[in-house]
Amino acid sequence: MGKIIALANQKGGVGKTTTTINLATSLAALEKKVLVVDADPQANASSGLGIDIKKVNKTIYECLISTASSKEAIVKTDIERLDVLPSHINLVGAELEMLNIENREKQLAAVLAPLKEDYDYVLIDCSPSLGLITVNALTAADSIIIPVQCEYFALEGISKLLNTIKIIKNKLNPALEIEGFLLTMYDARLRLANQIYEEVKNHFQDLVFTTVIQRNIKLSESQSFAQPVLVYDAASKGAVNHMQLAQELIEKNS
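Numbered per numbering that gives the first Met the number 0, the sequence shown spans residues 0 to 253.
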């Protein structure tokens, strides 16, 4: 059975989608079968893996709102062992449409249940909010990776997210664990970045990944080419960091 991992943080711009795309690609390169579930209406994880959303007939929206089969909605990428359950802008309205559905917080769990045995890892890219779709993702997940940008304001939102995780553990998903806090956009030259790293490490200790994702121009460039950084420039710091993260995740779960 595969492990479902949500990448979530209600603060935008902390590197959730970048991490999802590049961690998934790195896991696939290490011969793991991976599914990326794009649970963000912006669909950046889908387009970032080379999926043309305009040509996709079924997305996560249809799976949540109608009786569309999740297996039929999966799209293969150009990367071996890496598939995507794509998103669509329609997902913006899904939260309102789901309000009258029974067990609305567990819709995504039901969608992903038939897929678990087909993959080693299922990575859910969450939108920058704590709305119903993100609650669905955390209810469906076995664990959560929390990307934390190395800036002061990024720390302020963590307590709100941890409170949400606590509520979901108590009411919806008792098995949900924190896989780890991942420091992103790290610049060793900046004193603030080092202070935040130390603060997070002191507070959360073993829950912080040893790997940090350093600031790297190739990560940004690769997105404009709709390619993971491992495909765009395998020797770049961004590619190396994400391969290290994938190896650390595999070791942690072995």
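All C-beta atoms, glycine included, are put in the ideal place defined by N, C-alpha and C.
With 8 Å as the threshold, decide whether the Cβ of residue i is near any Cβ in chain D.
{"i": "Y196", "result": "Absent from the structure: chain D. Only one protein chain is present."}
Which residue marks the beginning of the alpha helix (DSSP H) containing residue i, and which one marks its end?
{"i": "A192", "result": "R190 to F203"}
{"i": "V230", "result": "V228 to Y231"}
{"i": "V83", "result": "Unbroken run through V83 is the beta strand (DSSP E), L81 to L84; no alpha helix (DSSP H)."}
{"i": "I167", "result": "I157 to K170"}
{"i": "I50", "result": "Premise fails: I50 is in no alpha helix (DSSP H) and is neither H nor E."}
{"i": "E61", "result": "I59 to I64"}
{"i": "E249", "result": "The sequence shown places Ile at residue 249, not Glu. Per DSSP, I249 belongs to the alpha helix (DSSP H) from K236 to N252."}
{"i": "S25", "result": "K15 to A28"}
{"i": "G92", "result": "L90 to E96"}
{"i": "K70", "result": "S69 to A72"}
Ends of the beta strand (DSSP E) at residue i?
{"i": "E150", "result": "No beta strand (DSSP E) contains E150, which DSSP labels as neither H nor E."}
Are the CB atoms of residue j and residue i within a distance shorter than 8 Å?
{"i": "L107", "j": "N89", "result": "no"}
{"i": "V121", "j": "L111", "result": "yes"}
{"i": "I4", "j": "E178", "result": "yes"}
{"i": "G156", "j": "Q9", "result": "yes"}
{"i": "D291", "j": "V74", "result": "The chain is shown from 0 up to 253; residue 291 falls before or after that span and cannot be answered."}
{"i": "I64", "j": "E96", "result": "yes"}
{"i": "G92", "j": "A225", "result": "no"}
{"i": "I166", "j": "L175", "result": "no"}
{"i": "L34", "j": "L114", "result": "yes"}
{"i": "L29", "j": "I249", "result": "yes"}
In the DSSP output, what is residue i paired with across the bridge?
{"i": "L122", "result": "I4 and V35"}
{"i": "T183", "result": "Q148"}
{"i": "S142", "result": "I4 and E176"}
{"i": "Q213", "result": "Y185"}
{"i": "V207", "result": "F180"}
{"i": "K105", "result": "In DSSP, K105 forms no bridge with anything."}
{"i": "K75", "result": "D82"}
Spatial neighbours of residue i within its chain, please: C-beta separation below 6 Å, excluding the five flanking residues on both sides.
{"i": "L181", "result": "I144, P146 and F208"}
{"i": "D141", "result": "K2 and I3"}
{"i": "D119", "result": "G1, K31 and K32"}
{"i": "I195", "result": "C149"}
Which residues in the same chain as residue i place their Cβ atom closer than 7 Å to its Cβ, once the five residues preceding and following it in sequence are excluded?
{"i": "T58", "result": "A72, P85, S86 and H87"}
{"i": "A192", "result": "C149, Y185 and D186"}
{"i": "E94", "result": "G130, L131 and I132"}
{"i": "V55", "result": "V74 and P85"}
{"i": "D77", "result": "G49"}
Quick check: the Cα distance between residue i and residue j, rounded to an integer number of angstroms?
{"i": "S253", "j": "E247", "result": "10 Å"}
{"i": "A67", "j": "A109", "result": "12 Å"}
{"i": "S45", "j": "L137", "result": "20 Å"}
{"i": "L244", "j": "T19", "result": "11 Å"}
{"i": "G11", "j": "G47", "result": "17 Å"}
{"i": "C125", "j": "Y231", "result": "24 Å"}
{"i": "N21", "j": "A27", "result": "10 Å"}
{"i": "V239", "j": "I216", "result": "13 Å"}
{"i": "S219", "j": "H202", "result": "30 Å"}
{"i": "L206", "j": "Y60", "result": "33 Å"}
{"i": "G159", "j": "R190", "result": "Before going further, note that residue 159 is Lys rather than Gly in the sequence given. So the alpha carbons of these two residues sit roughly 26 Å apart."}
{"i": "K251", "j": "N99", "result": "39 Å"}
With a CB to CB cut of under 8 Å and the five nearest residues on each side skipped, what residues in its chain are close to residue i?
{"i": "E104", "result": "L131, V134, N135, T138 and L171"}
{"i": "T183", "result": "V13, G14, T17, T18, P146, V147, Q148, C149, V211 and I212"}
{"i": "C62", "result": "S68, S69, A72, L84 and V110"}
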